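Below is one structure, written out as structure tokens; the observations come after it.
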Amino acid sequence: MAHIHISGIKMTIIEDGKEVKLINLTPHPLNIIQGEDSLELPGVPLERAPRVEETIEEIGKIGDFPIRRKSLSKKIIGLPEPEDNTYFIVSSLVAQAAKDRRDLLVPAPVRNERGQVVGCDGFFTLYESLYERRNKNEA
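So the working numbering is basically just the index in the sequence shown, starting at one, shifted up by 2.
This is the structure we're talking about:
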């Protein structure tokens, strides 16, 4: 059985003598559901959360309302460098922009009967190895 310790935005999991850290870099607390139990992992302040750089350009109008195009770059602002035995929990936009990072995780949502997100029960990775990306481009 794993031993779990939460300190601020960091959860340390120790199992079979191995230590793994999960660091919540989203701007909201995560309610991590484990069967009947749950743990809350606090988030970072919004200004410290990693984000994808975006460009906004006005491309037209409908009446007095501007129509804008938002373009997302591959540049991520505020994402720490990889650390040994550490996974960073980030938004799906950040993970999508950094598919080459195997240390990024996105919460797997759990919804209630009304469809509202009430927590997560695991994580997704959007990591694609160089091999996988090459094969996609060749197909």
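The C-beta atom is built at its ideal place from N, Cα and C for all residues, glycine as well. All values derive from a computational prediction rather than experimental measurement.
Per-residue DSSP class, three states only, for residue i
i: Q118; result: coil
i: L48; result: helix
i: A97; result: helix
i: Y129; result: coil
i: R71; result: strand
i: V54; result: strand
i: D66; result: coil
i: T88; result: strand
i: H30; result: coil
i: L24; result: strand
Supposed close pair residue i, residue j - CB separation, criterion 8 Å
i: N33; j: G124; result: Contact doesn't hold; Cβ gap of about 13 Å is too wide.
i: D105; j: F90; result: 6 Å
i: H30; j: I16; result: The Cβ separation is near 26 Å, so there is no contact.
i: E55; j: S75; result: 5 Å
i: A97; j: L81; result: At roughly 10 Å, the Cβ-Cβ gap does not stay under 8 Å, so A97 and L81 are not in contact.
Option in the options with minimal Cα separation from residue i
i: T57; options: S73, D86, H5; result: S73
i: P44; options: K20, A110, L27, S93; result: L27
i: G10; options: R50, V112, I25; result: I25
i: L48; options: G117, Q118, S93; result: S93
i: P111; options: Q36, G19, M13, T88; result: Q36
i: L95; options: L128, N114, Q118, R113; result: L128
i: I78; options: A51, M13, L41; result: A51
i: L107; options: R116, S40, T88; result: T88
Where the beta strand (DSSP E) containing residue i begins and where it ends
i: A13; result: Per the sequence shown, the amino acid found at residue 13 is Met instead of Ala. First-last of the beta strand (DSSP E) with M13: 12 to 17.
i: P111; result: 106 to 113
i: D39; result: 39 to 43
Pair within 8 Å by beta-carbon distance, residue i and residue j
i: P84; j: R103; result: yes
i: K20; j: K12; result: no
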